[in-house]
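Asks: Encoded as structure tokens, here's the structure I'll be asking about.
What follows is the structure, given as structure tokens:
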């Protein structure tokens, strides 16, 4: 398959099951809601070392938020329920509770309920106040700028992590420009995040390493500087490869995000140095979710 | 099926225990069986068909017409359906109600919605003392649900209230929110003496400046984020509380009762 001069590999991205939740952060204005959301989703690029993968889903209009203030929705993914609950609570406590004028609400009502502000309330040292409104439990925790309002719990759902595609280009600036174009379009899609810095990862990994202590190491088949000395997957004109990783609440959400992302890359086309789209998989051994590039772009 | 309607033939001199006539207890009974139910009337028993003309058959929608203030325990422990009362209701209306809705187009007596657990009670009139309270000797009053009173309420509204929402469009008598454990009482009209007496936790939300006892301390004026959410939850109610122009988020906060736990609050609209 070739789109606008870009070859779409007959391969698939391999993804795995995760647990996920959504939180809604509001504040006095969008600036402070975003600051809080950025703090909460910081250092959350990969479960390999961050404990979770998190990102900003989108900015919310005041009409969309529970308290009628500007807001930001964030998605958090982890490999297991316990890990997700721990990360959510830690990040909510250190990044949202602490953030001026913030309030924190559940972004998913269904599913197993996990603590959001349920335990943060103890920060109130006995002065905290519970309010059950329209079937939902809230905590009002007195803080120095007024009150921190938080919903007690949020819903945990089954999700999919690790959807991805690789952009192979003739130069590093061209690879990055294509990925930036893809991220702009993908950020418009609901229920997905691209957890790496700016949505783009330049250090894709393979499973295993020559060093026994490491479970993953650089994906040498796609490293352009190793073309002559390893079993490369790159043709001579490829000088840079970048990857976009997608976590989504469902496989269909990732399907849609990959489609608009790959399309944006292909719109730049061969004329802008984009030669191929590929994907990371591990022979089907890593996860049950397979995203076949040519099927997605058909 | 049309609503099961009980129309009072003639008011009795003695009080009537209406607790057998709830949606869940009448479910599956024929009209003849319902007519044969005996109600306690003072010290004697009274057949339902001796007190009421009965029409309709849908036991999930009950109407009581020509109701008078000696019909006690209407909708007691109601678990489903709706009960609509045309006229006044006696004491213990919707006592221990668990679900469903009750509407009264008249006034209600003592202990309305006492120890109510859930559901919706709307009174298009006044309510007597101990609205949403605990029964004498008990420690927990209303535990959930919503009460809307479009008129005034008597003394001790929300006494020992544990959870839920009590919305009073008119005035509240003395000791409103007394010994309250938690929950929310909102009063658009005036409030009487000893507001929040021995209140432990919970919120009294007021539209008018109250006379507070010395054991409630001024915590200053604040914009509270939970208030817009609270008012938004009232939006679908048939009440002045649903009117967006009545909503506010800026209040004077008083903490108390300092003679008790002191974790309760009186929020007065600014």
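Chains as they are written, first to last, in our numbering: chain L, 279 to 576; chain B, 309 to 578. Beta carbons are placed, not taken as given, at the ideal position from N, Cα and C, and that holds for glycine. The model shown is predicted, which means the values in this text are computed figures rather than measured ones.
#1: Return the residue from the list 488/L, 477/L, 494/L and 502/L that minimises the CA-CA distance to residue 322/L.
#2: Can you confirm whether the region 332–348 of chain L touches the region 294–314 of chain L when touching is taken to mean that 3 or more C-beta pairs between the two stretches lie within less than 8 Å?
#3: Which residue spans inside the region 464–495 of chain B form an unbroken beta strand (DSSP E) run of at least 3?
#4: Going by DSSP, what residues sit across from residue 417/L in a beta bridge?
#5: With distances taken from CA atoms, which of 534/B, 553/B and 550/B is nearest residue 345/L?
#6: Output the residue ranges of the beta strand (DSSP E) runs that lie fully inside the region 350–412 of chain L and measure 3 residues or longer, sorted by chain position.
#7: Measuring alpha carbon to alpha carbon, tell me which of 418/L, 401/L and 398/L ends up nearest residue 577/L.
#8: Select from 407/B, 351/B and 377/B the residue whose C-alpha is nearest the C-alpha of residue 417/B.
#9: Which ranges would you report for the beta strand (DSSP E) in the region 399–455 of chain B if only whole runs of at least 3 residues count?
#10: By the criterion of Cβ-Cβ separation under 7 Å, what are the contact partners of residue 425/L in chain B?
#11: Rounded to whole angstroms, what is the Cα-Cα separation between residue 517/L and residue 452/L?
#12: For residue 571/L and residue 383/L, what's the separation of their Cα atoms in angstroms?
#13: Listing by chain order, which chain L residues have their CB less than 9 Å from the CB of residue 536/B?
#14: Just curious, the alpha helix (DSSP H) that residue 309/L is in, first and last residue?
#15: Hey, is residue 471/B's beta-carbon within less than 8 Å of any beta-carbon in chain L?
#16: Taking only beta-carbon atoms, is residue 411/L less than 8 Å away from chain B?
#17: Mind checking which residues open and close the alpha helix (DSSP H) that includes residue 451/L?
#18: Taking only three categories from DSSP, how would you classify residue 572/L?
#19: Just the C-alpha distance for residue 341/B and residue 353/B, rounded to the nearest angstrom, thanks.
#20: Within the chosen definition, does the region 316–332 of chain L reach the region 283–295 of chain L through at least 3 CB pairs nearer than 8 Å?
#21: Spell out whether any CB of chain B is found under 8 Å from the CB atom of residue 400/L.
#22: Select from 359/L, 280/L and 462/L the residue whose C-alpha is nearest the C-alpha of residue 295/L.
#23: Leaving out the 5 sequence neighbours to the left and right, which residues in its chain are closer than 7 Å to residue 339/B when beta-carbon positions are compared?
#24: Given that residue 541/B touches chain L, what residues does it touch there, using C-beta distances under 7 Å?
#25: How is the alpha helix (DSSP H) around residue 492/L delimited, first residue to last?
#26: Against residue 418/L, what residues of chain B qualify as contacts under a CB-to-CB distance less than 7 Å, listed in chain order?
#27: Measuring only the C-alpha atoms, how far is residue 511/B from residue 575/L?
#28: Residues in its own chain within less than 6 Å of residue 514/B by CB, not counting five upstream and five downstream?
#29: For residue 381/L, return the contacting residues in chain B, with the cut-off set at a CB-CB distance below 8 Å.
#30: May I have the straight-line CA-CA distance separating residue 320/L from residue 446/L, to the nearest angstrom?
#31: Please check the pair residue 330/B and residue 373/B, which I expect to be a contact at CB under 8 Å, by giving their CB distance rounded to whole angstroms.
#32: Got a sec, what are the start and stop residues for the beta strand (DSSP E) residue 527/B sits in?
#33: Going by beta-carbon coordinates alone, are residue 356/B and residue 369/B separated by less than 8 Å?
#34: According to DSSP, is residue 547/B part of a helix, a strand, or is it coil?
#35: Reducing DSSP to helix, strand and coil, say where residue 537/L ends up.
#36: DSSP beta-bridge partners for residue 296/L?
Replies: Taking the structure as given:
#1: Position 44 of the first chain, counted from the start, is the residue given in the question as residue 322/L. It is 477/L whose Cα lies nearest to the Cα of residue 322/L.
#2: yes
#3: 473–476 and 492–495
#4: As a first step, residue 417/L must be located in the first chain, where it is residue number 139. Residue 417/L pairs with 408/L and 428/L.
#5: Walking along the first chain from the start, residue 345/L turns up at place 67. For the residues 534/B, 553/B and 550/B, the minimum Cα distance to residue 345/L belongs to 534/B.
#6: Counting whole runs of 3 or more residues, the region 350–412 of chain L contains the beta strand (DSSP E) stretches 381–384, 390–393 and 407–411.
#7: One cannot answer for residue 577/L here, as it falls past the ends of chain L, which runs 279 to 576.
#8: Mapped onto the second chain, residue 417/B falls at position 109. The residue with the shortest Cα to Cα distance from residue 417/B is 377/B.
#9: Restricted to the region 399–455 of chain B, the beta strand (DSSP E) segments that are unbroken, complete and at least 3 residues in length are 409–413 and 428–431, listed in chain order.
#10: If you number the first chain from 1, residue 425/L lands on position 147. Ordered by position in chain B, the residues that pass the 7 Å Cβ test against residue 425/L are 532 and 533.
#11: Counting from one through the first chain, the residue named residue 517/L turns up at place 239. Counting from one through the first chain, the residue named residue 452/L turns up at place 174. Roughly 10 Å separates the two Cα atoms.
#12: Here residue 571/L refers to the residue found at position 293 of the first chain. Here residue 383/L refers to the residue found at position 105 of the first chain. Answer to the nearest angstrom: the Cα atoms are 36 Å apart.
#13: The residue you call residue 536/B lines up with position 228 of the second chain. 344, 345, 346 and 347, listed in chain order.
#14: Position 31 of the first chain holds residue 309/L. 308–318 is the span of the alpha helix (DSSP H), which, as asked, contains residue 309/L.
#15: Translated into the one-based positions of the second chain, residue 471/B becomes position 163. Yes, its Cβ sits closer than 8 Å to a Cβ of chain L.
#16: Taking the first residue of the first chain as 1, we reach residue 411/L at position 133. For residue 411/L, at least one C-beta of chain B is nearer than 8 Å to its own C-beta.
#17: For the purposes of this step, residue 451/L is identified with residue 173 of the first chain, where counting begins at 1. It spans 450–464 - the alpha helix (DSSP H) in which residue 451/L sits, taken as one unbroken run.
#18: Translated into positions along the first chain, residue 572/L becomes position 294. Helix, per DSSP.
#19: Counting from one through the second chain, the residue named residue 341/B turns up at place 33. Counting from one through the second chain, the residue named residue 353/B turns up at place 45. So the two alpha carbons sit approximately 16 Å from each other.
#20: Segments in contact, no.
#21: To locate residue 400/L, count along the first chain from 1; it is residue 122. It does not: the Cβ of residue 400/L has no partner Cβ on chain B nearer than 8 Å.
#22: The residue labelled residue 295/L in the question sits at position 17 within the first chain. Looking at the Cα atoms, 359/L is the closest of the given residues.
#23: Numbered from its first residue, the second chain carries residue 339/B at position 31. Once the five neighbours on either side are set aside, the close Cβ partners of residue 339/B are 362 and 365.
#24: Mapped onto the second chain, residue 541/B falls at position 233. Near residue 541/B (Cβ distances below 7 Å), the residues of chain L are 411 and 412.
#25: In the first chain, counting from the first residue as 1, residue 492/L sits at position 214. Neither: residue 492/L is in no alpha helix (DSSP H) and is coded neither H nor E.
#26: The residue labelled residue 418/L in the question sits at position 140 within the first chain. The answer, in chain order, is 534.
#27: Counting from one through the second chain, the residue named residue 511/B turns up at place 203. Counting from one through the first chain, the residue named residue 575/L turns up at place 297. Distance between the alpha carbons of residue 511/B and residue 575/L is about 57 Å.
#28: Here residue 514/B refers to the residue found at position 206 when the second chain is read from its first residue. Excluding positions up to five away in sequence, the list reads 495 and 576.
#29: For the purposes of this step, residue 381/L is taken as residue 103 along the first chain, with counting starting at 1. Per Cβ cutoff of 8 Å: 533.
#30: Locating residue 320/L in the first chain gives position 42, where the first residue counts as 1. Locating residue 446/L in the first chain gives position 168, where the first residue counts as 1. Between residue 320/L and residue 446/L, the C-alpha separation is close to 28 Å.
#31: The residue you call residue 330/B lines up with position 22 of the second chain. The residue you call residue 373/B lines up with position 65 of the second chain. A Cβ-Cβ distance of about 17 Å is found for the pair residue 330/B and residue 373/B, leaving them out of contact under the 8 Å criterion.
#32: On the second chain, residue 527/B is found 219 positions in, with the first residue counted as 1. Per DSSP, residue 527/B belongs to the beta strand (DSSP E) from 525–531.
#33: Within the second chain, numbered from 1, the residue matching residue 356/B stands at position 48. Within the second chain, numbered from 1, the residue matching residue 369/B stands at position 61. Cβ distance not < 8 Å, so residue 356/B and residue 369/B don't count as in contact.
#34: Counting from 1 along the second chain, the entry for residue 547/B is found at position 239. Coil.
#35: Locating residue 537/L in the first chain gives position 259, counting from the first residue. In this structure, DSSP gives residue 537/L a helical state, which the three-state scheme calls helix.
#36: Indexing the first chain from 1 puts residue 296/L at position 18. Answer is 437/L.
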